[in-house]
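Participant: Here's a structure for you.
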Amino acid sequence: MSDDPQDKIIHEIDGIQEYDNKLPNWWLYTLYGTMVFAVGYWFHYHVGQFGEGPEAQYQVEVAKANAEQAARIKAAGVMTPEALAALVKDKGTVEQGKQVFAATCASCHRQDGGGVVGPNLTDEFWLHGGAPERVYKSIKDGIADKGMPAWMPVLGPDRVSAVTAYVISLRGTNVAGGKAPQGERESFSMRD
């Protein structure tokens, strides 16, 4: 092969000449290295699942931040709608609330919140308001004329806020065999 530039011309269109130039080795090594890395990354995180991917790491960080925020809210002791919404996002608080609910509330509201003597807590209908602060007030102060006791003296503030977070998390799950709707429809979502 000669060094004549005419020998390297692949084609010419409208006076523009395209040459067949060899790519530099550093560029080729970078390309092939990137391809090998991509296959290794894909196998490590997606096929073999040997490592924790970015999405899983993100979920861990979000859960940690939600737990820290829930701890700050519980320490403050003031239950605003925003504070209750934050507690619903903390899995630890909701799990604690689920345990409290099973021990104290399930006899009237069923284990899954579908309602027995008490109303169904999984639909969009609420007798005494479904807004987070109304749910908290109903649990904290009770509803004497309906037979629901005030739970604050029995459970204390941490468990009342936890069970409130759990009850709010039940909203919209519409369990099978739940009690017929009662009260007014209130639609709003606290889920991400």
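Under the numbering used here, the very last position in the sequence shown is 176; numbers go up by exactly one each time. Glycine included, every Cβ here is placed at the ideal spot set by N, Cα and C.
Sort 161, 90, 104 and 147 by Cα distance to residue 80 and report the nearest one.
Facilitator: By one-based count along the sequence shown, residue 80 stands at place 96. Considering only alpha carbons, the answer is 147.
Participant: Just grab the DSSP bridge partners of residue 3 for me.
Facilitator: As a working note, residue 3 is residue 19 in the sequence shown. Paired residue(s): -7.
Participant: Alpha carbons only, please: which of 141, 161 and 38 is nearest the one belonging to residue 93?
Facilitator: Working through the sequence shown from its first residue, we reach residue 93 at position 109. Cα-wise, what sits closest to residue 93 is 161.
Participant: Using the C-alpha atoms, what's the distance from residue 49 back to residue 120?
Facilitator: The residue given as residue 120 occupies position 136 in the sequence shown. The residue given as residue 49 occupies position 65 in the sequence shown. Approximately 23 Å, taken between the alpha carbons.
Participant: So, for residue 150: in the same chain, excluding its five sequence neighbours on each side, which residues have a beta-carbon less than 7 Å away from its beta-carbon?
Facilitator: Within the sequence shown, numbered from 1, the residue matching residue 150 stands at position 166. Closer than 7 Å at the Cβ level, and outside the excluded window around residue 150, lie 78, 81, 82 and 85.
Participant: Using CA coordinates, which residue listed in 5, 25, 116 and 154 is at the minimum distance from residue 63?
Facilitator: By 1-based counting over the sequence shown, the position of residue 63 is 79. Nearest of 5, 25, 116 and 154 to residue 63, Cα basis: 116.
Participant: Starting from the N-terminal side, write out each stretch of the beta strand (DSSP E) that is 3 residues or longer and does not extend beyond the segment 65 to 93.
Facilitator: You should have found no qualifying run.
Participant: Is the separation between the beta-carbon of residue 106 and that of residue 159 shorter than 7 Å?
Facilitator: Position 122 of the sequence shown holds residue 106. Position 175 of the sequence shown holds residue 159. Yes, they are a contact pair.
Participant: Please work out which residues of its chain come closer than 7 Å, Cβ to Cβ, to residue 127, disregarding the five sequence neighbours upstream and downstream, and give them in chain order.
Facilitator: Here residue 127 refers to the residue found at position 143 when the sequence shown is read from its first residue. Excluding residues within five positions, the ones whose Cβ falls inside 7 Å are 112.
Participant: When you compare only the Cα positions, how much space is there between residue 89 and residue 95?
Facilitator: Counting from 1 along the sequence shown, the entry for residue 89 is found at position 105. Counting from 1 along the sequence shown, the entry for residue 95 is found at position 111. Cα to Cα, residue 89 sits roughly 8 Å from residue 95.
Participant: Between which two residues does the alpha helix (DSSP H) holding residue 29 run?
Facilitator: By 1-based counting over the sequence shown, the position of residue 29 is 45. Segment: none, residue 29 is in no alpha helix (DSSP H) and carries neither H nor E.
Participant: Between residue 124 and the ligand HEM, is there a pair consisting of the residue's CB and a ligand heavy atom that are separated by less than 6 Å?
Facilitator: Looking for the ligand HEM in the displayed structure turns up nothing, as the structure carries no ligands at all.
Participant: Rounded to a whole number of angstroms, what is the C-alpha to C-alpha distance between residue 42 and residue 17?
Facilitator: The residue labelled residue 42 in the question sits at position 58 within the sequence shown. The residue labelled residue 17 in the question sits at position 33 within the sequence shown. Approximately 28 Å between the Cα atoms of the pair.
Participant: Taking DSSP as the reference, what is the three-state secondary structure of residue 56?
Facilitator: Position 72 of the sequence shown holds residue 56. Note: residue 56 maps to helix in three-state DSSP.
Participant: Near residue 37, what residues of its chain come up, given a Cβ to Cβ distance below 6 Å and the 5 sequence neighbours on each side ignored?
Facilitator: In the sequence shown, residue 37 corresponds to position 53, counting from 1. Correct list, in chain order: 29.
Participant: Classify residue 4: buried if its beta carbon has 16 or more other beta carbons within 10 angstroms, exposed otherwise.
Facilitator: Counting from one through the sequence shown, the residue named residue 4 turns up at place 20. With fewer than 16 Cβ atoms within 10 Å of its Cβ, residue 4 is classed as exposed.
Participant: Would you list the residues sitting across from residue 152 in a DSSP beta bridge?
Facilitator: Translated into positions along the sequence shown, residue 152 becomes position 168. Partner(s): none; residue 152 has no beta bridge.
Participant: Could you give the first and the last residue of the continuous alpha helix (DSSP H) run that contains residue 119?
Facilitator: What you label residue 119 is simply residue 135 of the sequence shown in a count that begins at 1. From DSSP, the alpha helix (DSSP H) with residue 119 extends over 116 to 125.
Participant: Under three-state DSSP, which class holds residue 45?
Facilitator: Locating residue 45 in the sequence shown gives position 61, counting from the first residue. The answer is helix: DSSP assigns residue 45 an H, G or I state.
Participant: Drop a sphere of 10 angstroms on the beta-carbon of residue 103, count the other beta-carbons inside from all chains shown, and report buried for 16 or more, exposed for fewer.
Facilitator: In the sequence shown, counting from the first residue as 1, residue 103 sits at position 119. Per the 10 Å Cβ criterion, buried.
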